[in-house]
Structure formats: C-alpha cells, structure tokens
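This report refers to the structure that appears directly beneath it.
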Amino acid sequence: MSWLHEWVLAPFVGFGFMRRALYGSFLLCLSACPVGVFLTLRRMSLVGDAMSHAILPGAAFGFLLYGLDILPMTIGGLVAGLIVAIFAGAVSRLTVQKEDASMAAFYLISLAVGVLIVSLRGSSVDLMHVLFGTVLALNHEALLLIFSVALLTLLLVSIFWRALIAECLDPLFLRSVSRLGSPVHFIFLALVVLNLVAGFQALGTLLSVGVMVLPAVTARFWTRRVATMCIASVLTGMLACISGLLFSFHFSLPSGPSIILSVGIMYLVSAAAMMVKNIRLKKLR
C-alpha cells in the first residue's frame, strides 16, 4: 500500500498547491458539468466552445490594463462573453443566419482580437497563461471566485430545473405556455459564460470548455435521466481532475491538458464500450 500513498495521497497531503488545484477543480466540476449536460441536450456543445473563445478579448483587455490580476480579467471576460452571446442571438433572430453560424463568426473574431491584445503587452509566456491557464497556481482569490460561481450556478439550476429541461426538449412549447422561455434561455447562456470565466482561471480560454462538455457527453453514454446524467458528469469530471493532476505531478506534464486528456480517455472508453454493446445487440437480433 506504500505505492498508493506515494502516488495518490502524498502529492495532495504534502503540497498546498496540489490541494488548491484539487479544490478548484472539484468546485469547477460541481458547477460546470451540470451546465454541460444541458448544453449537450440542447445540441449546443460547439456553442460552448465558441463562448470559451468569446471571453478572450475581455480577459485580454483586463490583462493589458492590470496584468495578471484576477478581478479585471474576470470582469472583462464576463462582459465580453455576455456581449457576444447577446449579439450572436440578435443576429440569428434578425437575419437569415443561424445561431451556430453567427456564434462561430463572433468567436473567430474574438479569438483574433484577444490574441492581438495579449501580444501588445505580454510575452509568449503570458499568452500561454491566458490560453491554457495555470491550475497549479490557483490562489485563494481564484478559489473564492470559482466557489461563488459554483454556488450561484447550483442555486439557479435548482430553481429553474424544470424550465431548463423543458427548454432543452422543446423551447417553442415552453415559450408558448410560459413567459419563462426567453428569460431562461438568457439565464442559461449567462451560466455558460460564468462557468467558462471561472474555468478560464484554471484551464485557460481554450480548454475551459473541456471540463464542461466532455464529462457531460461521457455521462450521456450511460444514462438517459437528466438528474443521473448531471451526477455522473460531476463524478466523471472529478475523477479526471484527480488523475490529470497526479499525471501532471509525477510526469511533469502540463496540468490543464492532463485533466482534459484524462476525461477524453474516459469518453473514448465509454464510446468504445457502447459501440461493442450495440454490435452485440444487433448480432442477437
């Protein structure tokens, strides 16, 4: 059992930065994974990817003015994400273009603007910090931000649970029988942006959507109940965070990509298992 202590427990017991990374990652999974479930049920997974890029200009502008200060970068990312969400929605409603197409256009523009702003002040190291995050460098301010976002997300999801499910299944029906249709859609997009901003502190703008979408699509292989899917996605994300942080610690790998790769392996294993199961069922028929 000494290997278990050396490989699994010792890194978290002996190093404060590993504990802070674990706490932040767990809080992020608790918050972002249920949002990812609703995102995938609405077939908006790529919209989440677009929104993760949309926060880059705001975060980069905060970085340009104040450096690597968490508050200006967070406020900037939140404002930029909400602006892109509102404008993309307006374009899709007032023109012939679909929401996914307008979101893709805005995210490409946002990515280019964000990288340009970061390059005006910082070095390639600063750019890597903004794009890929530093989960092992989470401080108490970042943990407080992630905790606040998690608390707000869980509160709003519990309040609007039925409306969110109805909006995922049939948004036109929800709007026809209730006035909550449009407000719930906006609240949902705001939650997506909030969780991406929180994830940006740990995983950067390019990988923050991974902890939101990958656990959700992995859980969907194993259950069809929304509540069970949310719980399974959170547990999948937490397991990926533990394994990713341990691989990062023992093999000197980047922590953010290690976490996303861990949950990616779980997705591939789940997909392969489901494919084998379906092939066997077809043979039995």
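Residue numbers (our numbering): 6 to 290. We put the beta carbon where it would ideally sit given N, CA and C, even for glycine.
Beta-carbon proximity check, residue i vs residue j, cutoff 7 Å
i: A109; j: A55; result: yes
i: C173; j: R48; result: no
i: I265; j: G215; result: yes
i: Y272; j: L185; result: no
i: L194; j: A90; result: yes
i: S50; j: C246; result: no
i: A59; j: S97; result: no
i: F205; j: G82; result: yes
i: V239; j: L199; result: no
i: M217; j: G53; result: yes
Residue i burial status per 10 Å Cβ neighbour count (16 or more: buried)
i: P371; result: This structure does not reach residue 371, given that the chain is present from 6 up to 290, and the question cannot be answered.
i: P188; result: exposed
i: T241; result: buried
i: M280; result: exposed
i: S263; result: buried
i: A171; result: buried
i: A277; result: exposed
i: A95; result: exposed
i: V274; result: exposed
i: G209; result: buried
i: V162; result: buried
Residues of its chain near residue i, where Cβ-Cβ distance is below 7 Å and the 5 sequence neighbours each way are ignored
i: F292; result: Residue 292 lies beyond the stretch modelled for the chain, which goes from 6 to 290, so this question has no answer here.
i: A237; result: A224, W227, T228
i: A93; result: E104, S107, M108, F111
i: Y71; result: P77
i: V13; result: L251
Minimum C-alpha distance to residue i - residue among the options
i: V40; options: T158, L125, L177; result: T158
i: C235; options: G29, L14, C38; result: C38
i: A147; options: L14, D74, N283; result: D74
i: C34; options: A59, L156, G67, G19; result: L156
i: A117; options: L99, F66, S97; result: F66
i: S124; options: F20, R230, L69; result: L69
i: S213; options: V222, A221, L201; result: L201
i: T233; options: V42, E11, H10; result: V42
i: G86; options: N283, R180, H10, G119; result: G119
i: L169; options: L44, L76, A95; result: L44
i: M78; options: I122, A221, G269; result: I122
i: F344; options: I88, L251, S7; result: The structure shown does not extend to residue 344, since the chain is modelled only from 6 through 290, so no value can be given for it.
i: L149; options: A203, H10, Q102; result: A203
i: A15; options: L286, I284, H255; result: H255
i: V231; options: L160, L9, R167; result: R167
Residue i Cβ short of 6 Å to the ligand ZN heavy atom set
i: V218; result: Absence of the ligand ZN from the depicted structure is noted, as is the absence of any ligand whatsoever, leaving it without description.
6 Å Cβ shell around residue i - same chain, five flanking residues per side excluded
i: S267; result: A245, S248, G249
i: T36; result: Per the sequence shown, residue 36 should be read as Ser rather than Thr. Answer for S36: V154, A155, T158, N200, listed in chain order.
i: S57; result: L201, T210, S213, V214
i: V222; result: T45
Same chain, Cβ closer than 8 Å to residue i, neighbours up to 5 away in sequence not counted
i: A207; result: A26, G29, S30, L33, G138, T139, V140, L143, A147, I151, S213, G261
i: V84; result: G63
i: I80; result: G63, G67
Secondary structure, beta strand (DSSP E): runs of 3+ residues fully inside the stretch 188 to 273
Here no run is fully enclosed.
Entirely within the stretch 17 to 71 and at least 4 residues each: give me those alpha helix (DSSP H) ranges in chain order.
Counting only runs of 4 or more residues that sit fully inside the stretch 17 to 71, the alpha helix (DSSP H) segments are 21 to 46, 50 to 59, 61 to 71, in chain order.
What are the uninterrupted segments assigned as beta strand (DSSP E) that are 3 or more residues long and contained completely in the stretch 78 to 103, given in chain order?
Fully enclosed beta strand (DSSP E) runs of 3 or longer: not present.
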